[in-house]
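See below for the structure under consideration.
Residue numbers (the working numbering): 1 to 554.
Here it is in C-alpha cells:
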C-alpha cells in the first residue's frame with residue numbers, strides 16, 4: 001500500500017470516527033432532552049402539589065400540621081418506622097411517551113372530549129341569554145318592571161363571577177372531571193327550578209345558582225384543554241371553546257324569541273336548557289375521563305395498590321394531608337391574588353371583561369335599534385344577531401390562519417410555548433371592534449334613512465373583533481400561567497362576569513339618555529383606549545413573565 005493510500009485510509013477512518021461521534025452526540029443530546037422533559041413534568045407535578053396543598057411535612061412524626069402532638073397509635077403499640085425510601089413508592093409516568101399521560105391520548109379521544117365539553121359550554125352560554133327573550137313576559141306575568149326582569153340575566157352572570165373561585169381550585173385538587181360533573185348537574189337542576197317557578201324571587205335565586213354551577217365549565221374546560229393538547233394544538237382547541245362561549249349567548253335569543261312567542265311560552269325556554277344540561281351530564285359521565293395529570297397518577301397509584309397489595313404506593317398529590325387554612329390561602333385566594341398582583345393578569349382581564357360586557361350589553365342594545373327603531377317584531381328583531389354570529393365564525397377562521405406562524409415560533413423555542421405570538425390576531429381584533437361599534441350605532445340611529453341591513457352588517461366587524469380579542473387573550477393567559485391555568489381562568493371569569501352582569505342593567509339608560517349613536521361612540525372610544533394592551537404585552541410580556549412567581553420559565 002502506498003503512502004497516499006495509507007493517508008487516504010487514515011483520513012477515511014478519521015471521517016468515519018467523526019461521523020460516528022457526531023451521531024452518538026446527537027443521540028445523547030436527544031436522550032438528555034427527553035430526560036429533561038420528563039424531569040420537567042415531575043418537577044411541575046411536585047410544584048403543583050406544593051402550591052395547591054402545601055409542603056410535605058409528613059416526615060416529622062413529632063407534630064401534626066396543627067402543631068399538636070400526635071395521638072397514641074392504638075393498641076399500646078408504638079408508631080411504625082418510616083418506609084426506607086418514600087421516593088421509591090411514588091408513582092409517575094413512564095417517560096414522555098407514556099400512553100396514560102393525557103397529552104399522549106389518541107386524537108380521536110381528545111376530539112371526543114373537546115366536542116362534548118364544547119357542546120356543554122355552549123349550553124351554559126345559551127342559558128345565560130335565553131332568558132332575555134322572556135323578560136317582557138316575566139315582567140308582565142309577575143307584575144314587575146322590565147329592569148327587575150333583566151336581573152334574571154345579570155344574576156345568572158353574577159353566578160359566573162362567583163362560581164370559578166370555587167370550581168377552579170377544586171379542579172386543581174380533585175381533578176377536572178368532578179367539578180364539571182357537579183357544575184353541569186347543578187346547572188340543570190336550577191334551570192328546572194326557573195321553569196317551575198311561581199314567583200319572581202324563586203326565578204332570581206335559581207338563575208343565580210344556575211350561573212354559579214354553570215361557571216364550572218367556563219373555569220375548568222380551558223384548563224382541561226391545556227391538559228390534553230400540546231403547545232401546537234392548544235390554540236386550535238381553544239378556538240372551539242371561545243366559539244361555544246360566544247355563539248351560545250347569541251343563538252339563544254334568536255331561537256328563544258320564537259319559543260317565547262309561540263304556544264310553548266317562556267317556561268319552555270328554560271325546560272329546553274334543562275334538557276340540554278342533563279343530556280351533557282350523561283355524555284360526560286359516559287365518555288369524558290379525568291385529564292389532570294396529578295389526579296391521573298392518584299388513580300394509577302390506587303390501581304397498583306389493589307393489584308400488588310403494597311399500600312405504600314402513592315401519588316405525589318397524596319403525600320400531604322389537607323390543611324384547611326393552607327387550602328384557603330393557596331387555592332381559594334390565589335385567583336384574586338393573581339388578578340391584583342400580576343400586571344399581565346390585570347390588564348388582559350380588564351380588556352377581556354370589557355369585551356364580554358359588550359356581548360351582554362348588545363342583548364339589550366339590538367332590540368332598541370331593531371325593534372324600537374326599525375319597528376320589527378320581537379321575534380324578527382332578534383335575527384340581526386346572526387350578523388354577529390357569522391362575524392365570530394370569521395374571527396375563529398382568522399385565529400386558525402395564524403396557527404402556522406405560532407407553531408413555527410414554538411418549534412424554534414424548543415417546543416416551549418411563546419405566549420406573545422398569540423397576540424398578533426388580538427391587534428387586528430382591537431381595530432375591528434371599534435369600527436363595528438361606530439358603524440352599528442351611527443347607522444342604526446338613522447333608521448328612517450338607512451336600511452336595516454346596514455347596521456346588521458356591522459355585526460360582522462363586532463363579532464370578529466370580539467372573538468379575536470377574547471380568544472387570543474384567553475390563550476395568552478393560559479400559556480403564560482400553564483401550571484395554574486385554572487386559577488388564571490377563575491380570576492378572568494370572575495371579573496369579566498361582573499362586567500357581563502352589570503352592562504345589561506345600564507344599557508337601556510345609556511342608549512336612551514345619550515342616544516344610540518353617542519352611546520356607541522362612548523363604547524367604541526373605550527375600545528380604542530384598550531387597543532395598546534396587546535401591543536405592550538407583545539413587546540414587554542416576556543420580561544413581565546420572568547418577574548412572576550406564577551408563570552413558568554419559558
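For every residue, glycine included, the Cβ atom is placed at its ideal position computed from N, Cα and C. Just so we're clear, the structure is a prediction, and the values are computed from it rather than from any experiment.
Which of helix, strand or coil DSSP assigns to residue i
i	result
residue 180	helix
residue 90	strand
residue 378	coil
residue 314	strand
residue 335	helix
residue 169	helix
residue 72	coil
residue 364	helix
residue 342	coil
residue 532	helix
residue 274	helix
residue 77	coil
residue 301	helix
residue 266	coil
residue 548	coil
Cβ distance (whole Å) where residue i is taken to contact residue j below 8 Å
i	j	result
residue 159	residue 210	7 Å
residue 269	residue 134	6 Å
residue 516	residue 441	5 Å
residue 436	residue 462	4 Å
residue 264	residue 494	Actually they are not in contact, since the Cβ atoms of residue 264 and residue 494 sit about 35 Å apart, beyond 8 Å.
residue 120	residue 284	7 Å
residue 277	residue 379	25 Å between Cβ atoms; not a contact.
residue 348	residue 476	7 Å
residue 152	residue 205	Wrong, their Cβ atoms sit about 10 Å apart, outside the cutoff.
residue 156	residue 196	Not really, about 17 Å apart at Cβ, beyond 8 Å.
residue 108	residue 292	At roughly 20 Å, the Cβ-Cβ gap does not stay under 8 Å, so residue 108 and residue 292 are not in contact.
Buried/exposed call for residue i, threshold 16 Cβ in 10 Å
i	result
residue 101	buried
residue 492	buried
residue 405	exposed
residue 543	exposed
residue 369	buried
residue 338	buried
residue 334	buried
residue 128	buried
residue 364	buried
residue 243	buried
residue 73	exposed
residue 187	buried
residue 525	exposed
residue 549	exposed
residue 352	buried
residue 212	buried
residue 146	exposed
residue 198	exposed
residue 310	exposed
Alpha-carbon to alpha-carbon, residue j and residue i
i	j	result
residue 37	residue 487	Note that residue 37 scores 46 on pLDDT, short of 50, meaning its location in the model is unreliable and no value can be drawn from it.
residue 222	residue 479	11 Å
residue 250	residue 408	35 Å
residue 523	residue 422	25 Å
residue 473	residue 398	14 Å
residue 217	residue 482	18 Å
residue 360	residue 137	19 Å
residue 502	residue 533	23 Å
residue 105	residue 99	6 Å
residue 69	residue 86	23 Å
residue 537	residue 344	8 Å
residue 312	residue 302	10 Å
residue 519	residue 275	38 Å
residue 356	residue 499	7 Å
residue 80	residue 168	38 Å
residue 214	residue 528	32 Å
residue 507	residue 496	17 Å
residue 545	residue 231	18 Å
residue 305	residue 295	15 Å
residue 76	residue 82	18 Å
residue 531	residue 90	49 Å
residue 450	residue 374	10 Å
residue 237	residue 184	21 Å
residue 41	residue 350	Per-residue confidence for residue 41 stands at a pLDDT of 46, beneath the threshold of 50, marking its modelled position as unreliable; no derived number is given.
residue 49	residue 417	Only weak support is given to the placement of residue 49: the predicted model assigns it a pLDDT of 48, under 50, and the value that follows is read from those uncertain coordinates. Each residue's Cα considered, the two are about 23 Å apart.
residue 259	residue 126	14 Å
residue 219	residue 413	28 Å
Unbroken alpha helix (DSSP H) runs of length 4 or more, entirely within the segment 189 to 240: which are they? 200 to 228
Sequence ranges, alpha helix (DSSP H) only - wholly within the segment 404 to 490, length at least 4: 424 to 444 and 453 to 480
What are the start and end residues of each continuous alpha helix (DSSP H) run of 4 or more residues lying completely inside the segment 120 to 154, in chain order? 135 to 142
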